[in-house]
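Please read the structure below before turning to the comments.
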Amino acid sequence: MTDVSYTRLPLWPRAHPVSGASATLKRHNEDFIVTELPLQLPSGEGEHLWLDVEKSGANTAFVAQQLAAAAGVDERDVGYAGLKDRYAVTRQWFSIYLPYGKGKAETPDLTLLQHPEFKVLFQSRHVKKLRPGDLRGNAFRLVLRDVAGDRDVLEANLRAVAAQGVPNYFGAQRFGFDGGNVEQGRAMLAREIRVRNPKKKGIYLSAVRSFVFNEVLAQRIQQGLWGQTLPGDVMDEAGQPTGPLWGRGRVATSEQAQALEMAVAARHASLCDGMEHAGLEQERRALVARPADMAWNWPQPDELVLSFSLPAGNYATSVLDEILRTTEPERHAEAEPAPAE
């Protein structure tokens, strides 16, 4: 087994040529607009109150706390499908367990709630609670400012991304500040540290699993296999090749694809063995993310407005990384548990 350090994330390779361009992202919250695409809309009947919420400058967990307090319920009675960025304008659904006759004379009208960082746009009842992953995806509208670089090269990358998609890497948010969640996960799996908090344990396991997936995807790109289907690949419903989310059970691939995945697993044997003993089961994830309805325009020579939508679990940062290098204001240096997925 190769001795591998997990104290710093590697620079995983890109699929498209490096444009050399740069830009500022999220100078204003309005520069990063995310709209959740729900799996379904509330039916109007049921024990759960669904809320369509727009927020700016607040993270999802904070809004959930405020909604619980306003409705007079415990935080665990509030559900949501995914975490959304704090420094952005985002629209997403929340649910509150409010069965009829639970000491309430009538359903509270939370559209009247006044808060500087969020507002409830609409509410209706439904039969089930919102749970993590209960969304089709997210639609993005991004304003990139101070764009510097060769515009022709940038346009070429934009067209290539729109036509071919991007590597479906897990974004940096998944790995914590400076990738620290991977090292914590390794230490936890090696029993060097004990993690009692179930939420933290889940975060560390997710980081380790995502890291191994990214390593498999990076290996394919390094070998010049981007956009290719290998003998033995497992395809998803859209006919795209998939990579492993590691766990117990046999690897689903065979032939060349399996050989590549097992070589990566051998390099990270301590992580893969740990995930198997932690009870995770083998799953698959698409290797390619394909932004839908991608469009862009230039309101100013140094300002690019980009819009697209992605399925649940895909990262907007993976799209941007294939187009240009972005930097954010200093205020975003703090770790935010807010993947746009």
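FYI, my numbering numbers position 190 of the sequence shown as 550, with every residue one higher than the one before it.
In this text, a Cβ means the ideal position worked out from N, Cα and C, and glycines have one as well.
Next on the checklist: Does residue 393 come out as helix, strand or coil in the three-state DSSP assignment?
Outcome noted: In the sequence shown, residue 393 corresponds to position 33, counting from 1. Looking at residue 393 - three-state DSSP - the assignment turns out to be strand.
Checklist entry - Bridge partners of residue 440, per DSSP? => result As a first step, residue 440 is located in the sequence shown; it is residue number 80 there, counting from the start. Paired residues: 454.
Next on the checklist: Is the separation between the beta-carbon of residue 458 and that of residue 467 shorter than 8 Å?
Outcome noted: Translated into the one-based positions of the sequence shown, residue 458 becomes position 98. Translated into the one-based positions of the sequence shown, residue 467 becomes position 107. It is a contact, given that the beta carbons lie within the stated cut-off.
Next on the checklist: At the level of alpha carbons, what is the spacing between residue 678 and residue 659?
Outcome noted: Indexing the sequence shown from 1 puts residue 678 at position 318. Indexing the sequence shown from 1 puts residue 659 at position 299. Residue 678 and residue 659 have their alpha carbons spaced roughly 24 Å apart.
Checklist entry - Would residue 513 pass as a contact of residue 662 if the rule is Cβ separation under 8 Å? => result Against the sequence shown, residue 513 aligns to sequence position 153. Against the sequence shown, residue 662 aligns to sequence position 302. Against a cut-off of 8 Å, the Cβ pair of residue 662 and residue 513 comes out as no contact.
Next on the checklist: Please list the terminal residues of the continuous beta strand (DSSP E) segment that includes residue 512.
Outcome noted: One-based indexing of the sequence shown puts residue 512 at position 152. Judged by DSSP secondary structure, residue 512 falls outside any beta strand (DSSP E) and instead within the alpha helix (DSSP H) spanning 511-524.
Item to check | Endpoints, the alpha helix (DSSP H) within which residue 469 is located | outcome: As a position in the sequence shown, residue 469 is number 109, starting the count at 1. In the DSSP assignment, residue 469 falls outside any alpha helix (DSSP H) and carries neither an H nor an E.
Item to check | For residue 479, the three-state DSSP class (helix, strand or coil) | outcome: By one-based count along the sequence shown, residue 479 stands at place 119. Residue state, collapsed to three classes: strand.
Checklist entry - Sorted by chain position, which residues of the same chain lie with C-beta nearer than 7 Å to residue 732's C-beta, five sequence neighbours on each side aside? => result Any answer about residue 732 is impossible in this case: the structure gives the chain only from 361 up to 701.
Item to check | Residue nearest to residue 376 in terms of C-alpha spacing, selected from 412, 492, 520 and 368 | outcome: For the purposes of this step, residue 376 is identified with residue 16 of the sequence shown, where counting begins at 1. The shortest C-alpha separation from residue 376 is found at 520.
Checklist entry - In terms of DSSP beta bridges, what is residue 671 paired with? => result The residue labelled residue 671 in the question sits at position 311 within the sequence shown. For residue 671, DSSP records a beta bridge to 497.
Item to check | Beta-carbon separation (whole angstroms), residue 385 vs residue 682, contact threshold 8 Å | outcome: Within the sequence shown, the letter at position 25 stands for residue 385. Within the sequence shown, the letter at position 322 stands for residue 682. Residue 385 to residue 682, Cβ: 14 Å. No contact.
Next on the checklist: Considering just the uninterrupted stretch of the alpha helix (DSSP H) at residue 545, what are its terminal residues?
Outcome noted: Along the sequence shown, one-based indexing puts residue 545 at 185. Its alpha helix (DSSP H) spans residues 540-549.
Checklist entry - What is the rounded straight-line gap between the Cα of residue 628 and the Cα of residue 569? => result Walking along the sequence shown from the start, residue 628 turns up at place 268. Walking along the sequence shown from the start, residue 569 turns up at place 209. Straight-line Cα distance between these residues: approximately 11 Å.
Next on the checklist: For the alpha helix (DSSP H) containing residue 558, name the first residue and the last one.
Outcome noted: Taking the sequence shown and counting its residues from 1, the one referred to as residue 558 is at position 198. 558-582 is the span of the alpha helix (DSSP H), which, as asked, contains residue 558.
Checklist entry - Around the C-beta of residue 403, are 16 or more other C-beta atoms found within 10 angstroms, so that it is buried, or is it exposed? => result Position 43 of the sequence shown, counted from the first residue, corresponds to residue 403. Exposed.
Checklist entry - If you check the beta carbons only, do residue 703 and residue 634 fall under 8 Å apart? => result The chain is shown only over 361 to 701; residue 703 falls outside these bounds and no answer can be derived.
Checklist entry - Thinking C-beta only, is residue 477 closer than 8 Å to residue 416? => result Here residue 416 is taken as the residue at index 56 of the sequence shown, counted from 1. Here residue 477 is taken as the residue at index 117 of the sequence shown, counted from 1. Yes, the pair counts as a contact, with Cβ atoms nearer than the cut-off.
Checklist entry - Candidates 653, 373, 419 and 609: which alpha carbon is nearest residue 636's? => result Taking the first residue of the sequence shown as 1, we reach residue 636 at position 276. Nearest C-alpha to residue 636: 609.
Checklist entry - According to DSSP, is residue 678 helix, strand or coil? => result The residue labelled residue 678 in the question sits at position 318 within the sequence shown. Residue 678 falls in the helix class under three-state DSSP.
Item to check | alpha helix (DSSP H) segment containing residue 420, residue limits | outcome: In the sequence shown, residue 420 corresponds to position 60, counting from 1. Counting along the chain, the alpha helix (DSSP H) containing residue 420 begins and ends at 420-431.
Item to check | Beta-carbon spacing of residue 504, residue 369 below 8 Å | outcome: What you label residue 504 is simply residue 144 of the sequence shown in a count that begins at 1. What you label residue 369 is simply residue 9 of the sequence shown in a count that begins at 1. If you check the CB distance, residue 504 and residue 369 do not come in under 8 Å.
Checklist entry - Would the segment 483-492 and the segment 403-413 be scored as touching if the rule is three or more Cβ pairs under 8 Å? => result Three or more Cβ pairs drawn from the segment 483-492 and the segment 403-413 lie within less than 8 Å of each other, which places the two stretches in contact.
Checklist entry - So, using beta-carbon positions, are residue 405 and residue 487 closer together than 8 Å? => result By 1-based counting over the sequence shown, the position of residue 405 is 45. By 1-based counting over the sequence shown, the position of residue 487 is 127. Cβ atoms of residue 405 and residue 487: closer than 8 Å.
Checklist entry - Comparing alpha-carbon positions, which option in 575, 595, 529 and 599 lies nearest residue 614? => result As a position in the sequence shown, residue 614 is number 254, starting the count at 1. Ranking 575, 595, 529 and 599 by Cα distance to residue 614 puts 595 first.
Item to check | residue 702 - containing alpha helix (DSSP H), residue span | outcome: What is shown of the chain runs 361 to 701, which leaves residue 702 out entirely.
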